[in-house]
Amino acid sequence: MKCAKCGAELKEGRVYCSVCGEEAQMVPAYSVLEDDYLRSLLTDENPGDSKGKQKKGKRVSRKKYQISGKMPIILVCVLLAVFIVTGVAVKLVIHFKNANSYDYQMAMAVQSQSGSQYEDALKYYETALSLNPQDPAARMGMAEVCIAKKDYDAALVVLMDVIQADNNHQEAYQRLIDVYEAKGDYDGILALEDTVRNAEIAKLFAPYHVKAPVISPVSGTYEDFMDVVIVSMEECEIYYTTDGSEPDPKTGIRYDEETGIPLDEEGEYEISAVCVNEKGICSDIRSATYEIRFEPPDPPAIWPNGGEVTEQTFIVLHTERDCEIYYTWDGTDPTRQSAKYEGPIEIPAGNNIFSVRAVNTKNGLRSGVNRANFIYYPDGTMPQETPQ
């Protein structure tokens, strides 16, 4: 090693120069010969052209340096390009595989549906359906998406396709019932039932059948006021009309079992009734016709029915139910102001015309007058006529 200040050789182990006293620095040994040797490598053998050759040598060295510096960058670019191309190719292969995978499309449809991404779910279901048109699962999934979107008409179309392909698909029938109920179309439910041939599926429609009401008494002509009674076999609400029109919860009269339907006037009645369950489904309509026509009662029967009597005798009268009897002894027609029959009547002495009439207490109709002539003299002798 040499001193960095004066260039004197430093003895081994010395930390200061013995010539100038400068602190020793670790400087690699260097000689003029070595420097000259390096220069000779950069110069041409021709001394006259040494300057030009030196410059040329420098340019070559710089060019080599530049080329060697670019190589890593080019290599990285090539590798990156290969990686990108490979990634794109792999992605295309995966995309092609997924696009043609029924299971993948169904899985993505379910995932989108669970995230309420209904449009994406429909696209996946449609793709799955194109890959496997015979599998009803894709159609059922599409129907569920339509129901979630409240697109009930579209759901009906898809579900109808399912049962047309398989009329034993119980889940499809149940969802069809649900859709019709959501639309309030109970006629559609009953029409759907007509397509069922499976006993188990038919049970799905039981809640949509309501038993018709029972009306009593039976139709007919009655000579009395009465109350019509209507009974629901399933404890449903009952609505009725009395003019023959079809009843429903909007146009009918709600039936009150406490009062029934009083028919308290003469005339014709046509009672129509319907039962309505908690879903608002109506039963078949039942009807009964009535004619309230009052006939006047027959005249009361008199026993004994007139004649001569020789001893104390009582008269007994008989009439129809719900009638009162009024009578007179002077031959006049009885009214409600006349004597009322309460029990056997003693025949008075003399020659008397006994007149009776019945009056119906409910409708006020009066019978005709029945008469009987009673002749009774207690001593057995008739009075003599007074000369004129």
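Start counting the sequence shown at 137; every next residue gets the next number (our numbering).
Idealized CB from N, CA, C, for every residue including glycine.
Since we're looking at a predicted model, the values are computed, not measured.
Burial state of residue i, where buried means 16 or more other Cβ atoms lie within 10 Å
| i | result |
| --- | --- |
| Arg311 | buried |
| Ile154 | The residue asked about is misnamed: residue 154 is Ser in this sequence, not Ile. With fewer than 16 other Cβ atoms within 10 Å, it is exposed. |
| Asn506 | buried |
| Ile209 | exposed |
| Pro440 | exposed |
| Phe219 | exposed |
| Asp207 | Here residue 207 is Met; the residue named in the question, Asp, does not match the sequence. That one is exposed. |
| Ala257 | buried |
| Val346 | buried |
| Cys282 | buried |
| Ile366 | buried |
| Thr446 | exposed |
| Pro537 | In this structure the chain extends from 137 to 524, so residue 537 is not present and cannot be described. |
| Pro383 | buried |
| Thr331 | exposed |
| Glu280 | buried |
| Glu181 | Annotation note: pLDDT 48 at Glu181 (below 50); position unreliable, coordinate value reported separately. The residue in question, Glu181, is exposed, as its Cβ has fewer than 16 Cβ neighbours within 10 Å. |
| Leu215 | exposed |
Within 9 Å, strictly: CB atoms of residue i and residue j
| i | j | result |
| --- | --- | --- |
| Ala308 | Ile299 | yes |
| Val246 | Arg275 | no |
| Tyr254 | Met244 | no |
| Gly504 | Pro435 | yes |
Selection from the options that minimises the alpha carbon distance to residue i
| i | options | result |
| --- | --- | --- |
| Ser250 | Val315, Met278, Phe219 | Met278 |
| Ala348 | Glu402, Ile417, Asn236, Thr387 | Ile417 |
| Tyr344 | Glu404, Asn268, Ala274, Leu326 | Leu326 |
| Glu404 | Ala273, Phe430, Asp330, Met296 | Phe430 |
| Glu394 | Val364, Asp287, Gly467, Arg472 | Val364 |
| Ile351 | Asp289, Glu336, Ala424 | Ala424 |
| Met242 | Ala217, Pro269, Gly223 | Pro269 |
| Ile489 | Pro514, Ile438, Tyr375 | Ile438 |
| Glu402 | Ser237, Cys213, Lys138, Lys498 | Lys498 |
| Ile407 | Lys286, Gly486, Gln253, Thr377 | Thr377 |
| Asp420 | Tyr240, Asp323, Lys339, Cys156 | Asp323 |
| Val354 | Tyr288, Arg422, Ile313 | Arg422 |
| Ser266 | Ser237, Glu280, Asp289 | Ser237 |
| Asp239 | Glu427, Gly223, Thr263, Val224 | Thr263 |
| Ser252 | Ala284, Ala273, Ile511 | Ala284 |
| Gly486 | Pro514, Asp287, Ala273 | Pro514 |
| Lys286 | Asp314, Asp297, Tyr375 | Asp314 |
| Lys319 | Asp271, Glu158, Asp379, Tyr288 | Tyr288 |
Beta-bridge pairing of residue i - partner residues as DSSP gives them
| i | result |
| --- | --- |
| Gly545 | This structure gives no information on residue 545, because the portion of the chain shown stretches from 137 to 524. |
| Glu373 | Val412 |
| Val452 | Trp439 |
Residue i at chain B interface by Cβ criterion, 9 Å
| i | result |
| --- | --- |
| Asp384 | The structure shown has no chain B; it contains just one protein chain. |
Discussion item. With a threshold of 8 Å, are at least 3 pairs of Cβ atoms found where one atom belongs to the stretch 360–376 and the other to the stretch 411–418?
Written reply: Yes, since at least three Cβ pairs between the stretch 360–376 and the stretch 411–418 fall closer than 8 Å, the two stretches touch.
Practice prompt. Examine the Cβ distances between the stretch 488–495 and the stretch 457–477 and report whether three or more of them are shorter than 8 Å.
Written response: Yes, they touch.
Worksheet item: Do the stretch 449–460 and the stretch 476–489 make contact, defined as three or more Cβ pairs closer than 8 Å?
Response: The answer is yes - the stretch 476–489 touches the stretch 449–460, with three or more Cβ pairs under 8 Å.
Practice prompt. Check whether the stretch 353–363 touches the stretch 383–392, counting contact only when three or more Cβ pairs, one atom from each stretch, lie closer than 8 Å.
Written response: Flag = no, the stretch 353–363 and the stretch 383–392 do not touch.
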